[in-house]
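Residue numbering for the sequence shown follows this note's numbering, beginning at 309 and increasing consecutively.
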Amino acid sequence: MWYSTTRAGWCDAPGADPATCTWRATVDKIVNKSCSDDIVHQAVEDYDAEHDACFSTCPGPVTGSKRNTSSVCWIYCFYQTVMGKETIMPGGKARPNVGMPLAELDAAFLKPFLPESQGKRGQ
Numbered sequence: 309m310w311y312s313t314t315r316a317g318w319c320d321a322p323g324a325d326p327a328t329c330t331w332r333a334t335v336d337k338i339v340n341k342s343c344s345d346d347i348v349h350q351a352v353e354d355y356d357a358e359h360d361a362c363f364s365t366c367p368g369p370v371t372g373s374k375r376n377t378s379s380v381c382w383i384y385c386f387y388q389t390v391m392g393k394e395t396i397m398p399g400g401k402a403r404p405n406v407g408m409p410l411a412e413l414d415a416a417f418l419k420p421f422l423p424e425s426q427g428k429r430g431q
């Protein structure tokens, strides 16, 4: 199903009638991309540290503030942790309950958008 908003219903249009307008676009919160990325990366690295420890096999500093997200090893470990070992190999198929639980991944993505009262920078 597709639904398109109409100009007639736009509440911020010049001369819009507040009694009949039906929609408006808002920006609820803006977060810094590097901060958001760091939170997600840290959650994946923490999950891996408790399970397969893939990141620990990579050369050099690969976790925390010194991580190299363009390293082949880091990228491999990130996807292995999120998707599961079998999924990332050629011919691998996504399966439920393999890899990092979706609820934990969702929480990491949403964390930067939480109110500041729930933690410094959403952490």
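Just so it is clear, CB atoms sit at the ideal spot from N, CA and C, and this is done for glycine as well.
Proximal residues to residue i (C-beta, below 7 angstroms), its chain only, five neighbours per side dropped
i      : result
Phe386 : Val352
Phe417 : Val348
Met408 : Val352, Tyr355, Thr389, Val390
Cys329 : Gly317, Trp318, Cys319
Buried versus exposed, by CB contacts within 10 Å (16 or more), residue i
i      : result
Asp438 : Residue 438 lies beyond the residue range present for the chain, which begins at 309 and ends at 431; the question has no answer from this structure.
Thr371 : buried
Cys319 : exposed
Ala323 : For clarity, residue 323 is Gly in the given sequence; the question names Ala instead. Exposed: under 16 other Cβ atoms inside 10 Å.
Same chain, Cβ closer than 8 angstroms to residue i, five either side skipped, listed in chain order
i      : result
His359 : Thr389
Thr365 : Cys381, Cys385
Gln431 : Model confidence at Gln431 stands at a pLDDT of 43, short of 50, so the residue's coordinates are unreliable; what they give is reported in the following sentence. Once the five neighbours on either side are set aside, the close Cβ partners of Gln431 are Ile347, Lys419.
Contact set for residue i: own chain, Cβ-Cβ below 6 angstroms, skip 5 residues either direction
i      : result
Leu413 : none
Cys362 : Asp356, Cys385, Gln388
Sub-8 angstroms separation of residue i and residue j beta-carbons
i      : j      : result
Pro420 : Cys343 : yes
Arg375 : Pro367 : no
Cβ-heavy atom distance, residue i to the ligand MN, below 7 angstroms
i      : result
Thr395 : Summarising the ligand content, the structure contains no ligands, and the ligand MN is consequently not present.
Problem set entry | Three CB pairs or more closer than 8 angstroms across the segment 389 to 404 and the segment 334 to 342 | no
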